[in-house]
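Participant:
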Amino acid sequence: MNTLTEQQLATLKDWMAQRKSRLLDEIREVLARSGNAHHAQQVSEVGSMGDEAAARLFRDISEAEVLRDLGEVRDIAAAEQRIADGRYGLCTDCGELVSFERLKAYPSAKRCMPCQQRREKTRAPSPYTGH
Ligand SMILES: [Zn+2]
-9 MNTLTEQQLA
1 TLKDWMAQRK
11 SRLLDEIREV
21 LARSGNAHHA
31 QQVSEVGSMG
41 DEAAARLFRD
51 ISEAEVLRDL
61 GEVRDIAAAE
71 QRIADGRYGL
81 CTDCGELVSF
91 ERLKAYPSAK
101 RCMPCQQRRE
111 KTRAPSPYTG
121 H
């Protein structure tokens, strides 16, 4: 089976951990500046909270840049969970390996390039099930 090498995986994991902590720092800064520091604790847990708790937190936050960053933190946390589960790097649509080039550009990518493009082209529900 075609998979990422240990080294490639370690590189991506490292990159995501750094990116996540940078995003969280940014988020805490913005929240402190806008007088919403009380959200900071929840924000630190955003990667591990359930969808409902996250939705509640997102509703409480009005800063667009924080919402965007939080979304990315959750994407990264989901990717880290896929690493832990051994599913990382496999397309969630077709199960093929997502190319290392794509993962380098977008480590939290869930889909391979062809599936992503197909999804973006067909925003309406696809009449095809499968390939
Ligand atoms: Zn795919």
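Under the numbering used here, the first residue of the sequence shown carries the number -9, and numbering increases by one thereafter. Cβ atoms here follow ideal geometry from the backbone N, Cα and C, with glycine treated the same way.
#1: Quick one: residues in its chain with C-beta nearer than 7 Å to the C-beta of H121, no 5 flanking neighbours on either side, listed in chain order?
#2: Between which residues of its own chain and Q32 is the CB-CB distance below 6 Å, once the five residues before and five after are set aside?
#3: Could you tell me whether any non-hydrogen atom of ligand 1 is closer than 6 Å to the CB of R108?
#4: Leaving out five residues before and five after R9 in sequence, what residues of the same chain have Cβ atoms less than 6 Å from its Cβ?
#5: Quick one: Cα of A0 to Cα of C81, how far?
#6: Would the beta-carbon of E53 be found less than 6 Å away from any heavy atom of ligand 1?
#7: Buried or exposed: where does P104 fall if 16 or more other Cβ atoms within 10 Å of its Cβ makes it buried?
#8: Between which two residues does the alpha helix (DSSP H) holding P104 run?
#9: If you measure from the CB of D83, is any heavy atom of ligand 1 nearer than 6 Å?
#10: Under the three-state reduction of DSSP, which class applies to L87: helix, strand or coil?
#11: Do you know whose CA, among P97, D15 and Q107, lies nearest I73's CA?
Facilitator: In brief:
#1: Any answer about H121 is weak, because its pLDDT of 44 lies below 50 and its placement is not dependable; what the coordinates show is given next. Result list for H121: empty, nothing under 7 Å.
#2: L47
#3: no
#4: none
#5: 19 Å
#6: no
#7: exposed
#8: M103 to K111
#9: yes
#10: strand
#11: P97
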